[in-house]
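Numbering (the working numbering), first residue to last: 27 to 382. Virtual Cβ for every residue (Gly too), placed ideally from N, Cα, C. Predicted model, so just to flag it, every value in this text is computed and none were measured.
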Amino acid sequence: MAAPMNTCYISSGCNKSPHCADWGRNNLLCYGSCQAVVVCKPEVAGSSQARVLHTLSGHKANVNCVKWISKYTDGLETELVSGSVDNSIMVWGKQGDKFVLQQTLTDHQGAVTALDAAYLTAEDSLPQGTQLRAVIVSASTDSTVKIWIRNSDKGFIHKQNINFGCGFALDLSLIRVPGSETMMLAAASDDMKVHIYMEQEAHDDMEFVPVITLPGHEDWVRAVDFAQDDGGDLLLASASQDFLIRVWRLSPRVGQSVGSRSGSVMDLPPDQDIQMRETTFSYKIKGDVRAYAVSLETVLSGHENWIYSVCWKPSTVRDGVRHQDLSLLSVSMDKTMILWRPETEYRGLDRTDASG
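Shown next as structure tokens:
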């Protein structure tokens, strides 16, 4: 009679790719390990020891990037996506105590290098058991960014190509515009710029159109990440191979013309502060024209080599009020992670902690 066998320990390392791990609000960490996706529960204060919960197999080559699909209302994630050197994207969903493969997307002609994904509807807006409307954006070595939409139980459908010509998008970040259901997309590029796209209505479907490019970096932009501050402005962090992080502020504007606003300091009234130059862009939501002003909030210097990743601290909700802690984590090829927090004396971010 065979003796019973039980799993007592699982260990697997993370692949050496910049976007190969993601920590969700569900307190689960997913990461690529060779050709598999590992879902583990990390050890935090007051909890049990870290342990691997699931190993998801399906890709035929190394996993490059993983991402939890973020909830419409900042809830706990139940689905994740993974991109691989085998050119495919896999969508995994939680069923009971397990994660199962729900769909494989195969339209890319090169390795998938970056992903982001978000729900477009709230859970309480559809019957229980119905797959929520969602969007996936993916970047690849085939020089395209692809937009995938799920409108029903038929799964994700490839809806749009954004072509970067001979260049590449190196990272992607999605955020919902405050006070609307419109999505904004930021793409980090090897042309040293950040490209911003807005969702527009096109024949009763979603389409992302370019609205502005943000110059300033002096080398490839390797990472981008959006956050929304407590005042309703959007903050976009971009990290580059020039060793610098730039933080951009996107503020809603009403009744302003689109373009750059600048002038001489001598023209300012004595009681008016000098402000950073800002550029505005407009977009349409259900026929209404709205505008955003973009300005450079701050430039962060502290790393001594290429910066591969930046991530804002997730927002929290207390007593029904959403709060965004403006803490930013950056990771560099100099083998350090730096945590940036706002200084109380001025409006900006400052280095407060680092680890080798």
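Where do the N-terminal and C-terminal ends of the beta strand (DSSP E) with residue i fall, by residue?
| i | result |
| --- | --- |
| Asn187 | Phe182 to Asn189 |
| Ser358 | Leu354 to Ser358 |
| Val163 | Ala160 to Ser166 |
| Gly119 | Ile115 to Gln121 |
| Ala137 | Where Ala137 is concerned, there is no enclosing beta strand (DSSP E), given that its DSSP letter is neither H nor E. |
| Asn90 | Val89 to Trp94 |
| Asp197 | Ala195 to Arg202 |
Apart from the five residues just before and just after residue i, which ones in its own chain have a Cβ nearer than 7 Å to its Cβ?
| i | result |
| --- | --- |
| Leu55 | Ala47, Trp49, Cys66 and Pro68 |
| Lys339 | Asp351 and Ser353 |
| Tyr318 | Leu276, Ser277, Pro278, Arg279, Thr306 and Phe307 |
| Val235 | Tyr223, Met224 and Gln226 |
| Gly84 | Met116 and Leu127 |
| Met292 | Reliability fails at Met292, whose pLDDT of 49 lies under 50, so the model's placement of it is uncertain and the value that follows must be treated cautiously. For Met292, where only same-chain residues beyond five positions count, there are no Cβ hits under 7 Å. |
Nearest by alpha-carbon distance to residue i: which of the options is it?
| i | options | result |
| --- | --- | --- |
| Lys86 | Tyr98, Gln75, Gly109 and Asn53 | Gly109 |
| Gln157 | Ser164, Ser166 and Thr147 | Thr147 |
| Lys361 | Trp338, Asn331 and Asp351 | Asn331 |
| Ala214 | Gly205, Ala263, Gln186 and Lys124 | Ala263 |
| Ile115 | Thr104, Val203 and Ser166 | Ser166 |
| Leu261 | Asp268, Glu105, Ala317 and Trp274 | Trp274 |
| Val233 | Val163, Glu244 and Tyr318 | Sequence check: residue 233 is Glu here, not Val. Residue Val163 is the option with its Cα nearest to Glu233. |
| Asn177 | Val161, Ser169, Asp100 and Gln186 | Val161 |
| Asp197 | Ser37, Ala143 and Ser341 | Ala143 |
| Glu323 | Asn41, Pro368 and Thr208 | Pro368 |
| Cys40 | Val89, Leu82, Lys124 and His80 | Val89 |
| Ala62 | Val336, Cys337, Asn32 and Val78 | Val78 |
| Thr342 | Arg51, Ile188 and Thr81 | Arg51 |
| Ser38 | Asn53, His80, Asn32 and Ala29 | His80 |
Where residue i and residue j are concerned, what is the direct C-alpha to C-alpha distance, given to the nearest angstrom?
| i | j | result |
| --- | --- | --- |
| Gly193 | His221 | 13 Å |
| Leu211 | Leu200 | 5 Å |
| Pro241 | Met363 | 25 Å |
| Leu141 | Val320 | 24 Å |
| Trp174 | Ile95 | 13 Å |
| His243 | Ile36 | 42 Å |
| Ala253 | Asp217 | 23 Å |
| Val315 | Gln135 | 37 Å |
| Leu365 | Asp255 | 18 Å |
| Gly328 | Leu270 | 8 Å |
| Gly313 | Gln186 | 22 Å |
| Pro30 | Ala76 | 24 Å |
| Glu207 | Gly58 | 31 Å |
With hydrogens ignored, establish whether the beta-carbon of residue i is closer than 7 Å to any heavy atom of the ligand ZN.
| i | result |
| --- | --- |
| Phe190 | With respect to small molecules bound, the structure shown includes none, and the ligand ZN cannot be examined in it. |
Between residue i and residue j, how many whole angstroms is the CB-CB distance? I'm expecting something under 8 Å.
| i | j | result |
| --- | --- | --- |
| Phe182 | Gln129 | 6 Å |
| Asp268 | Asp245 | 4 Å |
| Val111 | Trp118 | Not really, about 18 Å apart at Cβ, beyond 8 Å. |
| Thr33 | Cys91 | Not a contact, Cβ separation roughly 27 Å. |
Near residue i, which residues of its chain fall below 8 Å by C-beta distance, leaving aside the five closest residues on each side in sequence?
| i | result |
| --- | --- |
| Tyr334 | Pro44, Arg248, Ala249, Ala265, Val357, Ser358 and Met359 |
| Thr239 | Lys219, Val220, His221 and Ile222 |
| Asp133 | Lys172 and His184 |
| Lys310 | Gln226, Glu227 and Arg316 |
Counting only the same chain and skipping the five closest in sequence on each side, list residues whose C-beta sits under 6 Å from that of residue i.
| i | result |
| --- | --- |
| Ser286 | Below a pLDDT of 50, predicted positions are generally treated as unreliable, and Ser286, at 47, falls in that range; the measurement from the model is reported next regardless. The answer, listed in chain order, is Thr305. |
| Tyr372 | Note that Tyr372 scores 49 on pLDDT, short of 50, meaning its location in the model is unreliable; the coordinates nonetheless yield the value given after this. No residues qualify anywhere along the chain. |
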